[in-house]
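Only one structure is covered here, and it is reproduced in the block below.
Given below as structure tokens:
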């Protein structure tokens, strides 16, 4: 019975992969033909099937950008960047889309230590750091086994040192994966989807409006109360807005 379940699961996985590949090809053909709405329909069908990839989100961002729909284009570029933080094409196109937003928000300067920390920890996604850690452990085991089978002292010394270098890399990768994952959990970015949304001083309609935001603006959600989000901008401004006005980026 267990063997039958494994076979059925394998067949289902192959079928799902084939369907997503077919949808991706159809979406790409539609995009190249200028039918951006059809491309979006097929890319969204892939996501609905449970496939979350940087390529799908990036192509969705491009399609929405072609339709001058700034908020969804920025939203999907940002999601693509979460999965592939070092892709220059994503960063470039995201910059083009951000240039079309109305809100000009300054970014608070980082200290040298904070910038170095973010550059190192954020260089890869936490699952990519995990893959490196697994690869380092596997390499350590293989090199350590080779060490026992080698006959010459020089070769044994090289294999021994190389094995512990691999182990050191694995340990560092595990630490960086843990740090990146912790940062990922504490960070809750979102994109404004309403054309214009008021930000209030308190989570109710009777409170004072402190500023306004427009579609495409990125913000951080600090806490949630009923239908309100407490948000913070990159320049440090805070306030409350209706939760239906924004879409969270980490809704994978």
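Residue numbers (my numbering): 14 to 265.
We put the CB at the ideal spot given by N, CA and C, even for glycine.
Classified as exposed, residue 50 has fewer than 16 neighbouring CB atoms from the shown chains inside 10 Å of its CB. For residue 224, the uninterrupted beta strand (DSSP E) run begins and ends at 222-227, by DSSP. Here the C-alpha atom of residue 59 lies approximately 25 Å from the C-alpha atom of residue 198. Annotated three-state conformation of residue 201 is coil, per DSSP. Rounded to whole angstroms, the separation of the alpha carbons of residue 137 and residue 73 is 22 Å.
At least 8 Å separates the beta-carbon of residue 43 from that of residue 35. Counting only runs of at least 3 residues, the stretch 32-76 fully encloses no beta strand (DSSP E) element at all.
In the DSSP assignment, residue 211 forms a beta bridge with 225. The shortest CA-to-CA distance from residue 207 to any of 97, 254, 175 and 243 is the one to 254. For residue 156, the enclosing alpha helix (DSSP H) starts and ends at 139-162. Per DSSP, residue 109 has no beta bridge partner at all. Counting every other CB atom within 10 Å of its CB across the protein chains shown gives residue 91 a total of 16 or more, marking it as buried.
Taking C-beta atoms under 8 Å as the contact rule, residue 229 and residue 183 fail to qualify, at a distance of about 41 Å. The beta carbons of residue 204 and residue 88 sit closer together than 8 Å. Taking each of 247, 242, 246 and 263 in turn and checking the Cα distance to residue 256, the smallest one comes out for 242. For the 8 Å CB-CB criterion, residue 113 and residue 83 form a contact. Sixteen is the threshold: when 16 or more other Cβ atoms of the shown chains lie within 10 Å of the Cβ of residue 75, as they do, the residue is buried. A distance below 8 Å between beta-carbons, with the five flanking residues on each side excluded, links residue 100 to the following residues of its chain, in chain order: 67, 71, 93 and 94.
Its Cα nearest to that of residue 108, the residue 231 stands out among 231, 161, 167 and 125.
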